[in-house]
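Heads up: the protein sequence lines correspond to chains A and B, in order.
Quick note: the first sequence, position 338, residue 337 per numbering that gives the first Met the number 0, numbers continuous.
Quick note: the second sequence, position 392, residue 391 per numbering that gives the first Met the number 0, numbers continuous.
Protein chains: 2
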Amino acid sequence: MKTYRVDLEPIGRRAEVEAGKTLLDAARLAGVELVALCGGIGVCGGCRVRLAKGTLSQPTQNEVDSLDEEDLANGYRLACQAVPQSDVKIDIPPESLTMAQRLQVEGKDIEIQLDEIVKPINLQPPIPDLDDLRADTTRLKTVAAGKGIDSLEFEIPVLGELSNQLRAQDWKVRLALRGNRVVGAVTLEEPLLGLAVDIGTTKVAGYLIDLGTGETLAKTGVMNPQIGYGEDVVSRISYCNEHTGGRKLLQQKLVDVLNRMVEDLCTRTGARREQVVEAVLVGNTVMHHLLAGLPVRQLGSSPYVPAVAEAMDFLAREVGLHLSPGAHIYLPPNIAGFVGADHVSMVLASEIWNTDQTVIALDIGTNTEITLARSGKILCCSCASGPAFEGAHIKDGMRAAPGAIEKIQFIGGEFQYQTIVQRPPVGICGSGILDAAATLLDAGVLDSIGRLRKDAPSVRGEGGKAEFVLVPAEDTGHGRDIVVTRKDINEIQLAKGAIRAGIEILLDEAGLTAEDLDRIIVAGAFGTYLDVRSAIRIGMLPDISLDRFSQIGNAAGMGAKQMLVSAARRREASRIAQREQYIELSTHQRFSKIYMKCLSF
Amino acid sequence: MKTYRVDLEPIGRRAEVEAGKTLLDAARLAGVELVALCGGIGVCGGCRVRLAKGTLSQPTQNEVDSLDEEDLANGYRLACQAVPQSDVKIDIPPESLTMAQRLQVEGKDIEIQLDEIVKPINLQPPIPDLDDLRADTTRLKTVAAGKGIDSLEFEIPVLGELSNQLRAQDWKVRLALRGNRVVGAVTLEEPLLGLAVDIGTTKVAGYLIDLGTGETLAKTGVMNPQIGYGEDVVSRISYCNEHTGGRKLLQQKLVDVLNRMVEDLCTRTGARREQVVEAVLVGNTVMHHLLAGLPVRQLGSSPYVPAVAEAMDFLAREVGLHLSPGAHIYLPPNIAGFVGADHVSMVLASEIWNTDQTVIALDIGTNTEITLARSGKILCCSCASGPAFEGAHIKDGMRAAPGAIEKIQFIGGEFQYQTIVQRPPVGICGSGILDAAATLLDAGVLDSIGRLRKDAPSVRGEGGKAEFVLVPAEDTGHGRDIVVTRKDINEIQLAKGAIRAGIEILLDEAGLTAEDLDRIIVAGAFGTYLDVRSAIRIGMLPDISLDRFSQIGNAAGMGAKQMLVSAARRREASRIAQREQYIELSTHQRFSKIYMKCLSF
């Protein structure tokens with residue numbers, strides 16, 4: 000039987016399908032999960048892809064109905080409808096991938112030139128005997144000098160094992176050099192590794208990097224254990240203020256999780272933690288201060304100044320993080336009390352500091368930081384958007400886990416949803432919460448000031464108690480209705496209103512309107528999975544043409560990875576922090592007015 | 000009634016005595032304790048002093064009998080006999096002071112030029128407000144730059160409290176600067192302090208220093224708690240080799256004691272430990288390695304090489320020592336596996352690196368290190384002299400505590416002794432043990448190969464079981480005989496033989512004999528209290544004229560104090576370590592022969 004080869008880009012997967020099978024079949028065969036809320040009958044439009052090369056069947060009526068003319072003209076098709084007529088190459092836009100799928104490909108690294116901070120050097124010093132009683136370090140220094148490394152110095156903790164190691168390894172050793180300082184020692188066979196971490200208020204993402212190639216060997220994500228002491232940074236500061244030793248405890252909790260993360264990453268790649276000789280950690284200013292053991296009290300009251308804004312650099316074991324005994328932690332600079340090193344890292348990775356365009360980049364989280372770049376000038380602000388899009392404060396909210404409703408569409412008078420890994424629904428995660436508000440507006444169930452219409456189908460109760468039944472109990476995984484309440488809608492309004500107000504103030508400060516924007520870059524975990532159309536529909540993001548939006552994944556983490564392997568990127572981060580002009584919203588004279596306006600849909 | 004003024008030097012005390020009173024009376028009046036085994040009747044010769052200025056009574060017959068002609072010609076007198084005829088100034092040689100008295104004056108500092116390693120800077124940065132959101136460190140940097148300190152950097156642990164401190168101190172702060180690094184922060188009223196410690200195998204001596212003046216504010220001595228894990232360095236290395244975590248445990252035990260020492264020193268001077276911004280610690284190579292967390296296994300087997308020989312410099316809290324949060328520990332360089340930083344420190348303080356004379360300097364302890372300096376060349380070696388002179392392995396041995404026999408003389412056919420603070424005797428401390436051997440030889444009780452003559456008075460038992468009753472039970476503080484056994488004598492022989500063999504090998508290597516020596520400097524606690532005549536009598540030290548000997552007290556501690564306040568002294572210490580030529584005795588071809596010869600009396 001005749002078969003065609005289907006290349007799926009940018010993921011880089013390939014399938015061989017029998018003639019007559021659709022692109023969706025090909026994707027499934029290749030293990031690539033596409034969004035298909037309608038089950039592949041051509042009505043939801045979720046599996047929209049672009050033909051890059053080769054020939055497909057003619058568009059079906061469903062495709063003509065689902066896709067707009069411009070899309071069709073640009074080669075966009077529905078994967079469930081289009082059938083290869085030749086070998087083809089297909090481009091899959093991120094929004095057509097399921098979240099599980101996107102998690103796998105998320106954060107494709109921008110290739111940057113390595114500019115190593117820690118370098119390996121292999122040494123084989125002469126073995127001591129009664130005619131050569133030099134100290135171990137003296138003999139290493141001498142052979143290093145012969146290789147052009149002058150005045151080698153040793154981080155003290157490295158020396159704790161080095162003498163035993165030299166003897167166990169038959170006097171052959173690979174040292175990790177940070178300038179002229181030895182920060183680690185491994186065998187000649189072991190590559191040097193680095194750890195990049197993005198410490199979110201809610202989630203922590205870690206990456207294990209080969210420092211010799213820049214390659215990401217493994218990645219992992221865990222919850223921030225400080226959540227038990229306060230959902231947002233303000234409540235964590237309060238916790239520290241009110242509890243003796245609270246600051247130390249929150250640091251310890253975080254470091255414990257980082258240690259487990261390192262163990263996990265090492266186990267998965269067959270590495271030893273002694274190979275991890277450098278770490279770059281990014282986080283907002285409060286996460287940064289708690290990690291570094293800095294006071295946070297002054298971050299909790301006006302004028303909200305950080306203890307430290309400059310980049311910091313210290314031994315990992317000083318905070319209890321167990322890597323190579325001499326490994327350093329590098330923390331990029333902070334900008335302000337509520338615009339931290341993670342935002343600097345995101346701006347770095349997004350490259351907007353380096354563009355002639357007018358661009359807004361935002362990282363949506365419990366706190367949302369926004370930067371506006373325009374002809375070399377950069378402005379930023381921070382909005383308290385709250386944890387609604389992390390699934391918190393939402394009645395049936397949950398984190399992005401199997402069974403979470405991640406996508407909702409209102410198609411043909413019906414609410415259709417898709418869950419993570421197709422499990423029966425048990426709750427709604429961030430992107431689903433956003434879609435819920437957008438589709439309720441589309442369906443006319445929700446009005447512009449956020450009220451649920453009591454006469455609408457599936458709405459019960461009224462006023463503040465009104466709720467919309469999205470999934471009746473009999474269809475859920477836990478046998479309880481999944482609902483969207485009036486209170487949920489209110490939380491969404493507060494969150495989206497804060498974000499939009501931040502955007503408007505920055506535009507206003509720069510004397511621009513949304514139409515002047517060449518691009519809006521949406522970063523962060525939630526930013527990656529959200530449906531931009533829904534975000535525009537509810538007014539969280541400005542209504543400009545969809546093709547001006549980019550969703551770039553965990554850019555803060557990506558920036559951290561770049562700073563792990565490039566000294567030039569570290570210098571750039573410091574320049575960004577210095578150039579960013581911070582706009583304090585809480586004292587901004589127009590903020591309240593604009594915020595109020597942004598609350599409605 | 001007529002009175003005379005008596006100045007007692009070098010202690011710097013003064014008394015006004017009635018005409019007719021002796022110098023001994025004057026000393027007692029001034030609170031200065033002189034040796035007076037005979038009770039002041041002019042027969043023991045213990046209270047020998049020198050007239051520096053003024054007129055005394057003519058020498059008595061007792062003085063003529065006790066003092067030799069040269070002494071008399073040089074103005075030496077017995078304090079119990081000499082009576083002032085005018086205001087006088089008296090020089091008291093150290094051997095005429097009791098141990099308790101010597102402890103008070105021990106280690107008079109050589110005045111050195113301050114060349115500060117850590118300096119104070121007083122800052123008063125502007126207070127943050129909504130128009131000035133700079134980070135705390137940024138505002139401190141700016142005001143420091145205004146005072147000529149560029150690019151201030153902060154030790155991370157200092158930042159852990161600095162923000163709270165600034166606010167509590169009304170934005171007035173004194174920073175401790177080490178180069179451009181901030182290692183501590185105190186109030187404007189608090190002076191910066193330093194800690195100098197000499198870590199002996201048996202004893203630990205600590206000094207609290209005002210870094211602004213170099214003055215010693217307080218000192219203290221405690222036992223090294225590692226003694227419970229091995230009396231000497233070899234057994235401590237074995238302990239570490241045989242016990243998992245043993246190295247860590249010994250480090251912890253030592254650091255615990257250092258922390259208590261700091262607390263004690265601070266309490267006594269009304270200081271806070273946050274004022275202690277720098278520490279210099281010296282010890283032998285094993286003490287050095289255990290403190291710094293370095294492996295010691297390689298120090299326990301041939302060829303006995305240290306892990307590190309260079310000077311080390313690290314955060315005190317890295318080893319758990321609690322000073323100012325950013326305080327550093329400086330460890331001077333080691334020379335070899337058994338010639339450590341304490342010896343370098345002693346050589347530094349004794350100034351023999353800086354002399355044209357031919358000098359031997361030795362620091363007697365459980366391990367004895369010896370340096371021979373001759374016209375700019377310096378040779379050193381190390382001998383395992385054992386803990387006999389610390390009172391260990393001696394039947395009635397004890398440390399220098401109240402009731403310990405510290406001095407013994409054989410006068411008029413009688414053994415006379417003096418105890419510390421005149422308590423009834425309960426044992427014999429190091430200097431007494433040395434005197435015991437010397438007086439037993441004088442009395443003809445002991446023969447030259449170390450046997451107790453069984454027919455001598457007070458000797459009981461015979462052969463290996465023989466013992467000499469120094470003090471019968473009825474005269475002791477605990478009701479048991481205090482004895483010197485054949486085995487004790489054997490321990491003394493091993494100790495003194497090792498020390499003398501080391502001296503002979505160094506002389507031999509330099510092509511000299513003892514007569515070529517301009518000086519022999521005896522340092523260390525035991526070295527300060529020993530009677531040089533006894534040491535010569537038993538053959539531990541060469542028989543050269545007494546005036547060529549100097550007993551300089553805890554020179555290692557003094558060197559540590561100098562390195563605390565002078566960068567120039569640190570550089571000199573490194574030069575000394577590089578210049579010292581180490582002679583390994585264990586493989587020296589003539590060592591065994593010389594050692595055997597040195598065992599006899």
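By construction, the Cβ of each residue, glycine as well, lies at the ideal position given by its N, Cα and C atoms.
Looking at the DSSP output, A:Tyr581 sits in a beta bridge with A:Cys379. For B:Met222, DSSP records a beta bridge to B:Lys202.
Among the residues of the stretch 118–148 of chain A, those with a Cβ less than 9 Å away from any Cβ of chain B are Pro127, Asp128, Leu129, Asp130, Asp131, Leu132, Arg133, Ala134, Asp135, Thr136, Thr137, Arg138 and Lys140, in the order of the chain. Within the stretch 58–69 of chain B, no residue has a Cβ lying closer than 7 Å to any Cβ of chain A. Neighbours of A:Ala306 in chain B, taken as residues at a C-beta separation under 8 Å, are given in chain order as Ala134, Asp135, Thr136, Leu158, Leu161 and Ser162.
With at least 16 other beta carbons inside 10 angstroms of its own, A:Gly429 counts as buried.
Residue contact check for B:Ala217 against chain A: no CB pair falls below 8 Å.
In this chain, the beta strand (DSSP E) harbouring B:Met311 covers Met311 to Leu314. Leaving aside the five residues that flank B:Tyr228 on each side, the residues in its chain whose CB is nearer than 7 Å to its CB run, in chain order, Arg235, Tyr238 and Leu249. Counting only runs of 3+ residues, the beta strand (DSSP E) found wholly inside the stretch 24–56 of chain A occupies 47–52, in chain order. Contact between the stretch 356–371 of chain A and the stretch 508–524 of chain A is present: three or more C-beta pairs spanning the two stretches fall below 8 Å. For the stretch 562–584 of chain B, the beta-carbon criterion of a distance under 8 Å to any beta-carbon of chain A is satisfied by Tyr581 and Glu583. For the stretch 285–309 of chain A, the residues whose beta carbon sits under 8 Å from a beta carbon of chain B are, in order, Ala291, Gly292, Leu293, Pro294, Arg296, Gln297, Ser301, Pro302, Tyr303, Val304, Pro305, Ala306, Val307, Ala308 and Glu309. A direct Cα-Cα distance of roughly 9 Å separates A:Ala26 from A:Asp6.
Taking the C-beta atoms as reference points, A:Ile519 is found no nearer than 8 Å to A:Trp352. Rounded to whole angstroms, B:Gly390 and B:His287 show a C-alpha spacing of 24 Å. Against A:Met311, the close residues of chain B are Ile155, in the order they occur along the chain (beta-carbon pairs closer than 8 Å). Setting aside the 5 residues that flank it on each side, B:Arg49 is surrounded in the same chain by Gly74, Tyr75 and Asp90, each with a C-beta closer than 6 Å to its C-beta; the list follows chain order.
Here the alpha carbon of B:Asp169 sits roughly 40 Å from the alpha carbon of A:Gly178. With fewer than 16 other beta carbons inside 10 angstroms of its own, A:His242 counts as exposed. Proximity of chain A to B:Ala184 at the Cβ level (cut-off 7 Å) is not reached, the minimal Cβ distance being about 12 Å.
Apart from the 5 residues on each side of it in sequence, A:Ala522 sits with its Cβ closer than 6 Å to the Cβ of Met345, Asp362, Ile551 and Ala554 in its chain, given in chain order.
Closer than 8 Å at the C-beta level to chain A, one finds no residue of the stretch 213–240 of chain B. Here the alpha carbons of B:Lys486 and B:Glu461 stand approximately 12 Å from one another. Closest by C-alpha distance to A:Gly245, out of A:Glu277, A:Thr586, A:Leu290 and A:Lys118, is A:Leu290.
In this structure, B:Gly339 lies away from B:Val42, with their beta-carbon atoms at least 8 Å apart. Taking a contact to require three or more Cβ pairs closer than 8 Å, the stretch 423–437 of chain B and the stretch 396–412 of chain B qualify as touching. Contact between the stretch 115–130 of chain B and the stretch 435–450 of chain B is absent: fewer than three C-beta pairs spanning the two stretches fall below 8 Å. If you draw a straight line from the Cα of A:Leu264 to the Cα of A:Val275, it comes to about 11 Å. Counting of Cβ neighbours within 10 angstroms places A:Met557 among the buried residues, the total reaching 16 or more.
Residue burial annotation: B:Thr201 is buried, with at least 16 other C-beta atoms found within 10 angstroms of its C-beta.
Interface annotation, A:Thr475: not in contact with chain B, CB-CB separation never under 8 Å. DSSP places B:Lys20 in no alpha helix (DSSP H); its state is neither H nor E. Under the three-state reduction of DSSP output, A:Gly390 falls in the coil class, being neither helix nor strand.
Under the Cβ distance rule, B:Glu277 does not count among the residues neighbouring chain A, no pair being separated by less than 8 Å. With its beta carbon less than 8 Å from one in chain B, A:Ala335 belongs to the interface.
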